[in-house]
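Chains as they are written, first to last, in my numbering: chain W, 94 to 369; chain G, 326 to 388.
Data block below; observations after.
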């Protein structure tokens, strides 16, 4: 899990059966102590793997939206919730809620956010995220080793890396490159292996370089299933090329959906599965 | 059941704030570590590693 604190923005991402939305009120209250008021909110997640163990307010997207609606201040007048993905029950879906105030400046004009979720990781590659039994080392020390050995370091060599290896397995990494963050989370156990990658950038960035970065990420994990959710300013097509890039890595596009959200821009959600 | 307590797909919450001159005093970065830990406690997380630069602070969390 990760937390990023900017002067006027907070991003918190948790990957267990946590109660993330309960942080909303204390975050808003704490921000008030430094003279800040909430002007925008965006909540996203994929499809629960184990929906039965979700504690309130995470039991369903409907519950989550209800909780957000109840706890957001009244000045956030523009609100929207939607589920992107195939209509059939099967298949990955992407859940998005956004809200903003009159200024609707939730997202900077030129920025994008990419959230990649990968499941059924290659077993050999996933084993690199297990610690050696009784290694008597710190999580920071083993985390650094995992960052190098797995190829995660090569994803963005310019980034300042903050990494940690959990015991007996699992890994988290935050990367800092100027004002931009990236983050990786890995759970490598066979039956529910999962990895995620997220980064932010500008739509004026070199798109080819961005696509090469995605390739590097996928090669670290070689998942059987993968989804890419790209949030861009509406009208921008920075997400284009991702499907072709994934296909070059042996992934087949299963579904694509897009929707516009107040203050957040347009979210494009694409799901892929391996041809293997 | 999630044997490990691990859910898989993360939940992600992004909040934007505004104020008179939020950047002047570094805004949310003025919140002290105790306050952040207290907030994280409500979502059952703790900080295991942290680093910051001129632009933002980053925390790796465990659950």
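Each residue gets a CB set at the ideal place from its N, CA and C atoms; glycine is no exception.
Cβ-Cβ distance between residue 338 of chain W and residue 308 of chain W below 9 Å: On the first chain, residue 338 of chain W is found 245 positions in, with the first residue counted as 1. On the first chain, residue 308 of chain W is found 215 positions in, with the first residue counted as 1. It is a contact, given that the beta carbons lie within the stated cut-off.
Own chain partners of residue 273 of chain W with C-beta closer than 8 Å, once the 5 adjacent residues on each side are dropped: Within the first chain, numbered from 1, the residue matching residue 273 of chain W stands at position 180. Around residue 273 of chain W: 292, 293, 294.
Integer Cβ distance of residue 170 of chain W from residue 195 of chain W, believed to fall under 8 Å: Sequence index remark: in the first chain, residue 170 of chain W carries index 77 (1-based). Sequence index remark: in the first chain, residue 195 of chain W carries index 102 (1-based). Rounded, the Cβ-Cβ distance is 7 Å, consistent with contact.
Inter-stretch contact (C-beta, 8 Å, three-pair minimum) for the region 104-113 of chain W and the region 135-155 of chain W: yes
Contacting positions in the region 347-367 of chain G - beta carbon closer than 8 Å to chain W: 347, 348, 350, 351, 352, 353, 354, 355, 356, 360, 361, 363, 364, 365, 367
Reference residue 139 of chain W; option with closest CA among W/209, W/333, W/317, W/223: The residue labelled residue 139 of chain W in the question sits at position 46 within the first chain. Residue W/209 is the option with its Cα nearest to residue 139 of chain W.
Within chain G, the residues that residue 105 of chain W reaches when beta carbons sit closer than 7 Å: As a first step, residue 105 of chain W is located in the first chain; it is residue number 12 there, counting from the start. Within chain G, the residues near residue 105 of chain W are 338.
Listed by chain order, chain G residues near residue 274 of chain W by CB distance under 8 Å: By 1-based counting over the first chain, the position of residue 274 of chain W is 181. Result: 381, 383.
Sequence-distant residues of its chain with Cβ nearer than 7 Å to residue 258 of chain W (five each side left out): Here residue 258 of chain W refers to the residue found at position 165 of the first chain. Excluding sequence neighbours, residue 258 of chain W sits near 224, 232, 235, 236, 239, 264.
Closest by C-alpha distance to residue 143 of chain W, when choosing among W/109, W/101, W/279: Mapped onto the first chain, residue 143 of chain W falls at position 50. Nearest of W/109, W/101, W/279 to residue 143 of chain W, Cα basis: W/109.
Every unbroken beta strand (DSSP E) within the region 107-173 of chain W, with a cutoff of 3 residues, ordered by chain: Whole beta strand (DSSP E) segments, 3+ residues: 130-138.
Proximity test, Cβ basis, 9 Å: residue 327 of chain G and chain W: Position 2 of the second chain holds residue 327 of chain G. Because residue 327 of chain G carries a pLDDT of 43, less than 50, the predicted location of this residue cannot be relied on, and the following value inherits that uncertainty. Output row for residue 327 of chain G: interface = yes.
Chain G within 9 Å of residue 212 of chain W, Cβ atoms only: Locating residue 212 of chain W in the first chain gives position 119, counting from the first residue. So, interface residue.
For residue 372 of chain G, three-class secondary structure by DSSP: The count along the second chain starts at 1 and reaches residue 372 of chain G at position 47. Correct three-state label for residue 372 of chain G: strand.
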